[in-house]
Amino acid sequence: MRALIVVDVQNDFLPGGSLAVPHGDEIVKPVIDLIEDPTEKWDQVVMTRDWHPHNHISFAKSHNLADFSPITYVSPVEGDDRKIEGTLFPVHCVEGTRGSQLAPEMLEEQKKIGCLIVSKGYLQDREYFSAFNDIWDHHKTELNNYLHCHGIDEVYVVGLAFEYCVKSTAISASKLGYKTTILQKYSKGFLSDEKSMQELKQELAENNVQLA
Ligand SMILES: [Zn+2]
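Just so you know, the UniProt record's numbering puts 131 at position 131 of the sequence shown, and the rest follows in order with no gaps.
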């Protein structure tokens with residue numbers, strides 16, 4: 001059984017938004033066509049959204065630092081002494097704001113087909129990229145259970161942004177045992193140089209994520 005996971009096609013990640021992915025708007029219509037394509041026979045379609053409290057830990061403003069400053073995150077869970085290097089972002093996808101809403105056409109499609117929306121990033125004290133779990137893999141969203149309950153064993157990941165939430169969602173899916181593919185044509189990211197793209201492809205291959 002095959003599922004399509006549409007990652008974070010939200011106003012703040014589109015041109016004009018606070019953390020816009022260049023050309024992010026160009027995938028909206030193609031993704032909707034992909035959802036509607038009768039030859040794909042999707043058993044499930046799931047849409048995800050970044051959904052932060054106004055003072056989220058990933059916002060530079062929450063630390064009185066400049067946007068895109070580096071940060072060292074420490075695990076919010078007692079007994080876990082790991083640290084993860086990260087980047088602080090402009091305020092984006094604050095729950096309930098226009099920026100956090102799915103792109104208008106995508107929201108229309110979501111209502112039409114009535115698919116599940118999975119929110120992530122709503123716990124203030126931790127960053128998320130994957131739609132399955134936080135960066136520490138402590139807190140899990142409902143996504144894995146949902147796919148599991150619907151007999152899904154194969155997932156296709158599309159959306160924004162390629163090297164953040166699309167990549168992390170795909171790697172989580174693969175680690176959880178789903179046969180996982182990112183459809184590159186239906187995803188956009190911030191990376192443009194060849195070297196970073198090669199490193200990204202290497203990381204996906206090491207995690208058994210197919211790129212098609
Ligand atoms: Zn975020």
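Glycine included, C-beta positions come from ideal geometry on N, C-alpha and C.
Item	Value
Going by C-alpha distance, which of 49, 17, 101 is nearest residue 118?	49
Taking the beta carbon of residue 149 as the centre, do at least 16 other beta carbons fall within 10 Å, making it buried, or is it exposed?	exposed
Considering only C-alpha positions, which residue in the set 23, 84, 146, 21 is nearest to residue 75?	84
Please report how far the alpha carbon of residue 207 lies from the alpha carbon of residue 172, in whole angstroms.	9 Å
Return the chain-ordered ranges of every alpha helix (DSSP H) run that is complete within the stretch 116–168 and spans a minimum of 4 residues.	143–149
Please list the segments of the beta strand (DSSP E) lying wholly inside the stretch 45–111, counting only runs of 3 or more residues, in order along the chain.	70–74, 83–87
Output needed for residue 163: all residues of its chain with C-beta closer than 6 Å, excluding positions within five of it in sequence on either side, in chain order.	189, 191, 200
Helix, strand or coil: which one does DSSP assign to residue 14?	coil
What does a CB cutoff of less than 8 Å around residue 105 pick up in its chain, not counting 5 residues either side in sequence?	28, 29, 32
Decide if the stretch 128–148 is in contact with the stretch 11–23; the criterion is three or more beta carbon pairs, one per stretch, under 8 Å apart.	no
Could you check whether the Cβ of residue 172 sits closer than 8 Å to any heavy atom belonging to ligand 1?	no
For residue 66, collect the residues of the same chain with a Cβ closer than 7 Å to its Cβ; drop the 5 residues on either side in sequence, then sort them by chain order.	60
Starting from residue 212, follow the beta strand (DSSP E) in both directions and report where the run begins and ends.	Per DSSP, residue 212 belongs to no beta strand (DSSP E) and is neither H nor E.
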